[in-house]
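Residues in the sequence shown are numbered consecutively from 306, following the numbering used here.
Backbone N, C-alpha and C define an ideal beta-carbon position, used for all residues, glycine too.
Since the structure is predicted, the reported quantities are computational estimates derived from the model, not experimental observations.
These notes are about the structure you will find just below.
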Amino acid sequence: MAPMRTIDQVLAELPVFEGLDPAYLEFIAGCGTNRIFQAGEHLFREGDPANSFFVLRHGRVALEVQAPGRGTLMIETLGEGALVGWSWLFPPYRCSFDARALELTRTVAFDGACLRGKCDEDRNLGYELMQRFASVMLERLQATRLQLLDVYGQPTAG
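Written out as structure tokens, the structure is:
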């Protein structure tokens with residue numbers, strides 16, 4: 306059986322944290338705990354307080370939005386190594402999407418208030434995280450744009 310990796314070791318393996326000072330990884334890891342979600346269980350729902358973000362260790366999560374008259378629209382499916390949630394960074398700290406486990410999903414859940422406090426204490430850490438999360442946000446916005454083009458870009462019959 307392989308030895309269990311620590312949270313800072315998990316973070317060090319993620320592209321979004323590549324090159325981050327190991328002391329920062331350890332600092333960030335102090336705000337994390339392991340969480341498991343069953344298939345169909347929500348990590349969070351749109352409008353919920355954004356108290357955390359998640360790193361997927363195993364499993365898949367769907368990012369979804371509720372569209373009036375259309376029901377649930379899946380924006381993107383995320384897998385191992387993905388970050389889920391960025392609303393913990395920005396007031397009013399409310400979730401922008403639903404995030405639902407598609408299968409048994411193991412995560413590291415990070416306490417957003419804990420991490421915001423650490424970023425306030427160390428502005429360099431805050432800047433590093435803001436740059437890295439902005440990159441993830443840009444990727445997600447591009448994915449959403451492509452999804453919308455796919456949904457609304459179909460020629461109409463007639």
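(request) In the DSSP assignment, find the unbroken beta strand (DSSP E) run with Arg-362 in it and report its ends. (result) Residues 357 to 363.
(request) Whole angstroms is fine: what's the gap from His-347's alpha carbon to Gly-324's? (result) C-alpha separation (whole angstroms): 31 Å.
(message) What does the alpha-carbon distance come out to for the pair Ala-406 and Gly-345?
(response) Roughly 5 Å separates the two Cα atoms.
(request) Confirm, please, whether the CB-CB distance from Thr-311 to Ala-414 is below 8 Å. (result) Between Ala-414 and Thr-311, the gap from beta carbon to beta carbon reaches 8 Å or more.
(request) Can you say whether Ala-372 is buried or exposed, counting buried as having 16 or more other CB atoms within 10 angstroms of its CB? (result) Looking at its Cβ environment, which holds fewer than 16 other Cβ atoms inside 10 Å, Ala-372 is exposed.
(message) Can you tell me whether Glu-369 is helix, strand or coil according to DSSP?
(response) In the structure shown, Glu-369 sits in a strand (DSSP, three-state: E or B).
(request) Following the continuous alpha helix (DSSP H) through Arg-421, name the residue where it begins and the one where it ends. (result) 417 to 426 is the span of the alpha helix (DSSP H), which, as asked, contains Arg-421.
(request) Measure the CB-CB distance between Ala-334 and Gly-390 and report whether it falls below 8 Å. (result) Cβ atoms of Ala-334 and Gly-390: not closer than 8 Å.
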